[in-house]
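Each remark here refers to the structure printed beneath this line.
There are 2 protein chains.
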Amino acid sequence: MAAANDQQDIKREKILEASHQRFLHYGYSKTTMNEIAGDLSMSKALLYYYFPDKSQLYIAVMRKLATDYLKTLESRLNSFTNLKEAFTFQVNTHHEFIVNNYNFFDFFRLNEQNLPETIWQIVGEVHSAELNLLSNAIKIEVEKGAIKPVNNPEEIVDVLMDALHGIRVGAISQKKTNFPRKEHLEEIHTKKLLLLDIFIKGLMA
Amino acid sequence: MAAANDQQDIKREKILEASHQRFLHYGYSKTTMNEIAGDLSMSKALLYYYFPDKSQLYIAVMRKLATDYLKTLESRLNSFTNLKEAFTFQVNTHHEFIVNNYNFFDFFRLNEQNLPETIWQIVGEVHSAELNLLSNAIKIEVEKGAIKPVNNPEEIVDVLMDALHGIRVGAISQKKTNFPRKEHLEEIHTKKLLLLDIFIKGLMA
DNA sequence: TCCTGACTTTTTTAACAAAACTATCAAAAA
DNA sequence: TTTTTGATAGTTTTGTTAAAAAAGTCAGGA
Chain A
-6 MAAANDQQDI
4 KREKILEASH
14 QRFLHYGYSK
24 TTMNEIAGDL
34 SMSKALLYYY
44 FPDKSQLYIA
54 VMRKLATDYL
64 KTLESRLNSF
74 TNLKEAFTFQ
84 VNTHHEFIVN
94 NYNFFDFFRL
104 NEQNLPETIW
114 QIVGEVHSAE
124 LNLLSNAIKI
134 EVEKGAIKPV
144 NNPEEIVDVL
154 MDALHGIRVG
164 AISQKKTNFP
174 RKEHLEEIHT
184 KKLLLLDIFI
194 KGLMA
Chain B
-6 MAAANDQQDI
4 KREKILEASH
14 QRFLHYGYSK
24 TTMNEIAGDL
34 SMSKALLYYY
44 FPDKSQLYIA
54 VMRKLATDYL
64 KTLESRLNSF
74 TNLKEAFTFQ
84 VNTHHEFIVN
94 NYNFFDFFRL
104 NEQNLPETIW
114 QIVGEVHSAE
124 LNLLSNAIKI
134 EVEKGAIKPV
144 NNPEEIVDVL
154 MDALHGIRVG
164 AISQKKTNFP
174 RKEHLEEIHT
184 KKLLLLDIFI
194 KGLMA
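Chains A and B, in that order, give the protein sequences. Mapping the first sequence onto the working numbering, position 63 (from 1) lands on 56, and the numbers just tick up by one. Mapping the second sequence onto the working numbering, position 36 (from 1) lands on 29, and the numbers just tick up by one.
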């Protein structure tokens, strides 16, 4: 029984890997179930044996990415001594995550409206996990007496995350697709670090 | 000659007003040239005598709004004694502007991609005017010795404006239309003031 | 120079068929 | 009994066309 499940899990894992590659290179809408099946030399029907439908498959991949991302954050975030390092680590990790999976998220760029609810659920989970981790970092600093008491850390972090999210490139701030282009990610990252620097100073003040 | 032009200008102004009302209530795509002409009891053809086409008409209205908005900012912005008041005034004025013209901008919500280039030009102009006004406010503060020297005020203000722009509502930060709903504007405004508060402190530090 | 009614051109909408893809299922293989 | 597949059913996307609506033009009148 355990062996059978192991086998299943391995196969599920293989499917997730192949799907991830396809989604990463071609995005959601330009990837067909036939292609994924073909990559694995299996029939399309088998995919449906392991996953209920295409969107669930995509979501499973996304959930895996999200879990890995959060694991990375979690493992290091409370090991930092000062607040700035912790936040910088978050910004850097986030940047890396986006760069590495840029095409994967074409789903968001294209389908901007009406995405499956589960997607937003994952986004929400990640967001609140980040929010928890970061506001916790603030609380620890407060307890250590490193910064003066903050009445609502969650609110602060929420604003900061929105602000970071708002960083765009170029003078024409809201132009075009709202989703940053890949070639701008580095510039955006730099601007985020600048914002973070000022924001942290503002918190300490 | 002057009289003739005055007459023309008055009529142009009337057309702009009527168009503004229509665009404000019904948005760009749900407003027809026939309706605007009807409001003014004139023929549609006359509209085309004064404006080359519908989008130019819309743009003219937008340019007027932008000019008024900037005039408001300009007139008061260098009369403030401290930086925080100046920036707060900007945020408040911007908020008011958006609230008062919310439906006017449905053009942006719907047509998200491929807007006429001129629109982005206006957006760009407003953006850089704001950027100038605000970074000037910083420079003045520096000269007065109120805050310590800043090596690149424009960059700072650019980041701040992006950050403010990024403020969204609710935990699920990037959900839905990317354009805030009207009922969320107040909450967003409050969050912006919070961000501004921290940011300014960070600048002073 | 300002204005209009009638006209032309372009865009939007609706209906529908063809193609592409998702999803299902009975049955074969392991 | 679990895993796999070929055949096929169902759905979404794409392409086509015709009608309606709106944008845009123009010759001519005041």
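Glycine included, every Cβ here is placed at the ideal spot set by N, Cα and C.
Distance CB(residue i)-CB(residue j) smaller than 8 Å
| i | j | result |
| --- | --- | --- |
| B/Met26 | B/Lys7 | no |
| B/Ala53 | B/Ile29 | no |
| B/Leu196 | B/Thr81 | no |
| B/Leu63 | B/Val119 | yes |
| A/Leu33 | A/Phe97 | no |
| A/Leu126 | A/Glu67 | yes |
| B/Val152 | A/Leu153 | no |
| A/Leu103 | A/Ser22 | yes |
| A/Ala156 | B/Ala156 | yes |
Nearest to residue i (by Cα), restricted to the options the options
| i | options | result |
| --- | --- | --- |
| A/Ile140 | A/Asp(-1), A/Ile193, A/Ile52 and A/Ser22 | A/Ile193 |
| A/Thr86 | A/Thr74, A/Leu76, A/Leu70 and A/Phe98 | A/Leu70 |
| A/Val92 | A/Phe172, A/Leu189, A/Lys4 and A/Gly195 | A/Phe172 |
| A/Thr24 | A/Gly31, A/Arg15 and A/Asp32 | A/Arg15 |
| A/Asn129 | A/Asn75, A/Leu58 and A/Met55 | A/Asn75 |
| B/Gln83 | B/Gly117, B/Lys37, B/Val150 and B/Arg174 | B/Val150 |
| A/Phe73 | A/Ala122, A/Leu103, A/Ile131 and A/Asn(-2) | A/Ile131 |
| A/His158 | A/Ile3, A/Ala38 and A/Ile181 | A/Ile181 |
| A/Glu78 | A/Gly117, A/Glu134 and A/Ala38 | A/Glu134 |
| A/Asp99 | A/Tyr19, A/Lys37, A/Asp2 and A/Gln0 | A/Tyr19 |
| A/Ile191 | B/Ala38, B/Gln1, B/Glu148 and B/His177 | B/Glu148 |
| A/Ala122 | A/Val162, A/Lys137, A/Asp61 and A/Glu136 | A/Asp61 |
| B/Gly117 | A/Gly117, A/Val162, A/Trp113 and A/His177 | A/Val162 |
6 Å Cβ shell around residue i - same chain, five flanking residues per side excluded
| i | result |
| --- | --- |
| A/Lys184 | Ile160 |
| B/Arg5 | Tyr43 |
| A/Lys175 | Tyr95 |
Helix, strand or coil at residue i according to DSSP, with G and I counted as helix
| i | result |
| --- | --- |
| B/Ala79 | helix |
| B/Pro142 | coil |
| A/Val162 | coil |
| A/Leu39 | helix |
| A/Leu9 | helix |
| B/Gly20 | coil |
| B/Thr183 | helix |
| B/Met(-6) | Summary for B/Met(-6): the model assigns pLDDT 40, below 50, so the residue's position carries little reliability; its value from the coordinates is reported in the next sentence. B/Met(-6) falls in the coil class under three-state DSSP. |
| A/Arg44 | Contrary to the premise, residue 44 of chain A reads as Phe rather than Arg in this sequence. The answer is coil: DSSP assigns A/Phe44 none of H, G, I, E or B. |
| A/Ala30 | helix |
| B/Lys169 | Confidence at B/Lys169 is low in this model, with a pLDDT of 49, below 50, so the placement of that residue is unreliable and no value is reported for it. |
| A/Arg15 | helix |
| B/Ala156 | helix |
Own chain residues within Cβ distance below 8 Å of residue i, not counting five before or after
| i | result |
| --- | --- |
| A/Leu40 | Ile8, Met26, Ile29, Ala30 and Leu50 |
| B/Ile115 | Ile52, Met55, Arg56 and Ala59 |
| A/Asn94 | Leu17 and Leu58 |
Close-in-space but distant-in-sequence residues of the same chain around residue i (CB under 7 Å, 5 per side omitted)
| i | result |
| --- | --- |
| A/Pro146 | Ser128, Ile131 and Lys132 |
| B/Ser36 | Ala30 |
| A/His13 | Val54 |
| B/Thr111 | Ile52 |
| B/Thr65 | Thr86 |
| B/Gln1 | none |
| A/His177 | Val162 |
Ranges of the alpha helix (DSSP H) found wholly within the stretch 47 to 129 of chain A, counting only runs of at least 4: 47 to 70, 76 to 93 and 99 to 103
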